[in-house]
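K.L.:
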Amino acid sequence: MSAQAEILPAEDIAARIDPPYFMGDEIAPGIWQLTGLDKVRAGTVIQSEALAPLPGFSGAAINTLIVMGNDGTFLQVELLDHNEPIFVSGLGQALFDDFIAQYVGRSVTDRFSIGTPAPGVQELDGVAKATASVRIAHESILAAALEMARDSISGLDRPPAASPDPDYREQLSWQELLDQGLVGRLRVTNAEIDTAFAGTVWANDDPEASADPEGIYLDLYLVDLGPPSIAAAVVSDEGQARLDAFREISPDAEPLLLIDAGRHGLVDEDFVRNTAPALIGLMQDGFPLELRDSDLLFTLKPDLPQGTAMILRTDRRLGFDPAREYQLTVLAEREHGVFQPETGTQELRLAHATDARFFLRPVEAVEMSPFQATLLARWPDLVALAAFCGLTLTFLLRQSATAASRHFGALRLAVLAVTLVFVGWWGQGQLSVVTVTGTLRAGLQGQSLGFLLYDPFSLMLWGVALASVLVWGRGWFCGWMCPFGALQELTHAAGRRLGLRPLVVPDRLDRQLRRVKYLVLAVLVVSAFAAPGLSDSLNEVEPFKTAMTTYFLRDWFYVAYALFWIVAGLFVFKSFCRYVCPLGAFFALTDGLRFADNIPRRAECGSPCQLCRVRCKYGAIRKSGEISYEECFQCLECVQIHDDATTCVPLVLAARKGARKVAA
C-alpha cells in the first residue's frame, strides 16, 4: 500500500476557507465548488492529494489546500499534511508554510521559477536544504491546479496523456528525423530579431544583428528523447546508457533535447545546472508547464548540428502530452543603457508534436461516476464486508444455537477482533454521528446527499445497521460491528485476563450517566446548524478519528482522550458506548422502529429470578426482567443463560421439582 497523505473531510476543509468565500457542492472526492455570498460559483477548492498525489521526499504525498478563482488566480494556498523529514525534524513547519503562501495572488497561467529570477517569470523563494521537498510541493500544486484549470477554465476535451512506448523500435537517422518532422526547428535571422524589437528602446542595442542582417540569431532544434528509437538516432551509446538510467529513476519525466546552432545560446550567464532556464519555457493548451535542466552529461551523434546543446525535462504528471502539439518558448533578450540597463524581451515560439506511433495512449475508459469508480476500486472489501455482515446477522437470527455453542465466548471475541481490524482499521468503516448531522443538515437545507456515495464501504454498513434496528434495535451495530466498541470490549476482556477487578456503577448513577449521550447528541445536532465552525471541534467527543482513522497518530491531547476511554473500559464495561457515545444515542432513539422483542423471557424473569440482570454487563435488563432494547447490545449472554438448564434458575428449580416427584 503506497504511502499517501490523508484527504481531509469536507467539514475540515470548509472551516479553512477564508471569507468572503465559502465551500459549495462537491465536484469529486477532494474537489468542491467555491462560492461567494451570492452562492454563485467563484472558483474551485482542491486538495492536491485528490488530483496530484506526487510522492514527496519521504514517500508520502504532500497534501495542500488550493483555492482557485474562475480565472485561475490562487486565492488561498496552504499546507494540509506532509511527512517531509527536513521540515518534520529539522527546519520546522514555518519555513514550509511560508513557501506555500507565496502562490497567493499569482495565477495558474504564470510561469514559475524557484530561486531563479528572470523576465516574465514568477520567482518563488526556495528553502535552503529543502530543495527536493519544496520542488515536489510546487509540482503537486501546479499539477492539481493545472488539471482542474484545463477542465474548468479552458473546457478542453483532452485524450488521456501519451507516454513513450518502451518496446517500439525503428532504425532512424538524423536526416530521417528531419524529413519525417520528428525534429522541431525554429530559424530566426538577425534581421528578423531586429524587426521584432523595432519601435522599442532596444531597437539598436544589438550591433551584431545590425552588422550582419543575414546572419543566424537562433537556429533551434527540438527533439523528444522519450521514445527510445528517436533517442538512439541522436545520442551516443554512452549517452544512451545515461538516458536509460534517467528513465528508471524518473519514469514520468519527458527529456527534451535542444540544440541552438545560432548565437542565442539558450541560457543566460546566470544559468545554474539542474534549475529552470530563465530564457526557455514550455506551454501546452495555453498553460505553462514546469521545465528544468536534467543535469545529464551526454554526447551527440557526429552528424547532428553543432552548437549549444542541453537536455531539459518536464513531467507528464503535470499534464504534458508529448504526442499532442506543444510550444517551446525562447526569450530574445536585450539591454538598454550602461549603469542601470533596462531589459527587454521578445518571445520566439516553436510548435512541435512527435508522431503518435512512438507512444502508448491509455484506452480512454468509459466515464464513471465517483461512486462507480470507488465501488470498482473497493469491490473486494465490499464483498468481504457483505459476507461478514451476513455471518453476524446469522448469529443473531439463530441466537439460541449461537449462544449454546461451547465456544461462544471465544467466537464472540473473534468476531470483535475482525470488526476492529477489518471494519475499523482496514476498511475505515467506523460510523460516526458526523454522517448523521451532515445528512440531516443537507436534507433540511435542500442540498445534495451525493457525498454519501463516495464511501461505499461505510454506506453499506449504514444500510445494514439502519435495517437491523427493525429487528434488534441498536444491538447489531453497537454490539457486533462498531470498531471502537469492539476495541473497548476486547480491552475489558484483556483486563479480566490480567486480574483487574471491574467497577460496578451504582444503579442510580448508572441511570443518570446514560442520559449524557442524548445530551451530547443534542448539542452536536444544534451546533451543526447554529455553529458549523464549532461543530468540527465538538465532534471530537467521538474518539473514532483518533483510534480508527489516524491509528492514534495525532496530537497528544487527542490520543490522550482516546486512551482515557480505552483505559476506562478496563474497569467500567464499554463506558464510552453506554454513557457518552452520540452515535449510540442516535441508534437508541430508533428503538421505536423495532417491531418485535426478539430476546426470549419467562414469567419468572425478574420475579423471583434476577440472574440475567445481575450478569448483564450493559445493565440492559430491568428489575422486572424486561429487556431495555435501547441499551441492549445483543451480546446473547442472557440468551445463553435462558437456554441453559444448568444455569437458568427457573429451569434448575423445575428440574429439581420434577426429580422430587420421581423420587416420591
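Each residue of the sequence shown is one higher than the one before, counting from 65 in the working numbering.
Glycine included, C-beta positions come from ideal geometry on N, C-alpha and C.
Keep in mind the model is a prediction, meaning the values are calculated, not measured.
#1: Taking only the alpha-carbon atoms, compute the straight-line gap between E142 and L242 and give it to the nearest angstrom.
#2: Are F697 and G473 touching if we call contact CB-CB under 7 Å?
#3: Are the CB atoms of S293 and E234 nearer to each other than 7 Å?
#4: Quick test of your reading: L392 and L523, contact by CB under 8 Å. State the CB separation rounded to the nearest angstrom.
#5: How far does the beta strand (DSSP E) with L598 in it reach, from first residue to last?
#6: According to DSSP, H400 sits in a beta bridge with which residue or residues?
#7: C673 by DSSP, collapsed to three states: which one?
#8: Residues bridged to S227 by DSSP?
#9: Does S171 come out as helix, strand or coil in the three-state DSSP assignment?
#10: According to DSSP, simplified to helix, strand and coil, what is H416?
#11: Are the beta-carbon atoms belonging to E318 and T378 less than 7 Å from one another?
#12: Just grab the DSSP bridge partners of L284 for me.
#13: What residues match up with E8 in a beta bridge as DSSP calls it?
#14: Where DSSP assigns a beta bridge to Y682, which residues make up the other side?
#15: In terms of residues, what are the limits of the beta strand (DSSP E) holding S177?
#16: Which value, in whole angstroms, describes the spacing of the CA atoms of P714 and G722?
#17: Please name the residue, chosen from L246, W238, P230 and L282, that lies closest to A255 on a Cα-to-Cα basis.
#18: Which residues share a DSSP beta bridge with A373?
#19: Determine the DSSP secondary structure at W96, reduced to helix, strand or coil.
#20: Could you tell me the alpha carbon to alpha carbon distance between F651 and L564, rounded to whole angstroms?
#21: Is DSSP giving I77 helix, strand or coil here?
#22: Could you give the distance in angstroms between the alpha-carbon of A660 and the alpha-carbon of L588?
#23: Is it a yes or a no for the stretch 446-453 touching the stretch 481-498, going by three-plus beta-carbon pairs under 8 Å?
#24: Quick check on R730: does DSSP put it in helix, strand or coil?
#25: Could you compute how far the alpha carbon of R381 sits from the alpha carbon of A557?
#26: Contact between the stretch 311-325 and the stretch 154-161: three or more CB pairs below 8 Å?
#27: So T456 is in the alpha helix (DSSP H); what residue range does that whole segment cover?
#28: Where does F621 fall in DSSP's three states?
#29: Taking a contact to mean a Cβ-Cβ separation below 7 Å, would you say T363 touches G303 in this structure?
#30: Consult DSSP for I164 and reduce its assignment to one of helix, strand or coil.
#31: Counting Cβ pairs, one atom from each stretch, are 3 or more of them under 8 Å apart for the stretch 246-253 and the stretch 163-180?
#32: Would you tell me roughly how many angstroms separate the C-alpha atoms of P405 and W266, rounded to the nearest one?
#33: Only counting the same chain, and skipping five residues up and downstream in sequence, which positions put a Cβ closer than 7 Å to that of D269?
#34: Look at the Cβ atom of A225, then the Cβ atom of D367, and state whether they are nearer than 7 Å.
#35: Spatial neighbours of G219 within its chain, please: CB distance less than 6 Å, with the 5 preceding and 5 following residues excluded, ordered by chain position.
#36: Grab the span of the beta strand (DSSP E) containing T128 for me, first residue to last.
P.N.:
Reading off the structure:
#1: Their backbone Cα atoms lie some 47 Å apart in a straight line.
#2: With respect to G473, F697 sits apart: the two C-beta atoms are not nearer than 7 Å.
#3: For S293 and E234, yes; Cβs fall inside 7 Å.
#4: About 48 Å separates the beta carbons of L392 and L523, which is beyond the 8 Å limit, so they are not a contact pair.
#5: Careful: L598 lies outside any beta strand (DSSP E), inside the alpha helix (DSSP H) at P596 to L602.
#6: E406, per the DSSP bridge assignment.
#7: If DSSP states are grouped into helix, strand and coil, C673 belongs with the strands.
#8: In the DSSP output, where bridge partners are listed per residue, S227 has L424.
#9: Three-state DSSP puts S171 in a strand.
#10: Correct three-state label for H416: strand.
#11: In this structure, E318 places its C-beta atom within 7 Å of the C-beta atom of T378.
#12: Note: L284 sits in a beta bridge opposite L250 and D324.
#13: The first residue shown for the chain is 65 and the last is 728, placing residue 8 beyond what the model contains.
#14: Answer by DSSP bridge pairing: none, since Y682 is not bridged.
#15: First-last of the beta strand (DSSP E) with S177: F176 to I178.
#16: Roughly 12 Å between the two C-alpha positions.
#17: Residue L282 is the option with its Cα nearest to A255.
#18: Partner(s): I323.
#19: Secondary structure of W96 (DSSP, three-state): strand.
#20: If you take the alpha carbons of F651 and L564, they lie about 31 Å apart.
#21: Shown here, I77 sits in a helix according to DSSP, grouped into three states.
#22: The C-alpha of A660 lies about 30 Å from the C-alpha of L588.
#23: Output reads yes: the stretch 481-498 touches the stretch 446-453.
#24: Residue numbering for the chain in the displayed model covers 65 to 728; residue 730 lies beyond these limits and cannot be assessed.
#25: Their Cα atoms are separated by approximately 50 Å.
#26: Between the stretch 311-325 and the stretch 154-161, the count of C-beta pairs closer than 8 Å stays below three; the two stretches do not touch.
#27: Start and end: W443 to L461.
#28: Under the three-state reduction of DSSP, F621 is assigned to helix.
#29: In this structure, G303 lies closer than 7 Å to T363 by Cβ.
#30: Three-state DSSP puts I164 in a helix.
#31: No: fewer than three Cβ pairs fall under 8 Å.
#32: Distance from the CA of P405 to the CA of W266, rounded to the nearest whole angstrom, comes to 10 Å.
#33: Sequence-distant partners of D269 (beyond 5 residues in either direction) whose C-beta falls short of 7 Å from its own C-beta, in its chain, are R398, E399 and H400.
#34: No; because the gap between Cβ atoms is not below 7 Å, this pair is not in contact.
#35: Only weak support is given to the placement of G219: the predicted model assigns it a pLDDT of 44, under 50, and the value that follows is read from those uncertain coordinates. No residues qualify anywhere along the chain.
#36: From DSSP, the beta strand (DSSP E) with T128 extends over N127 to G133.
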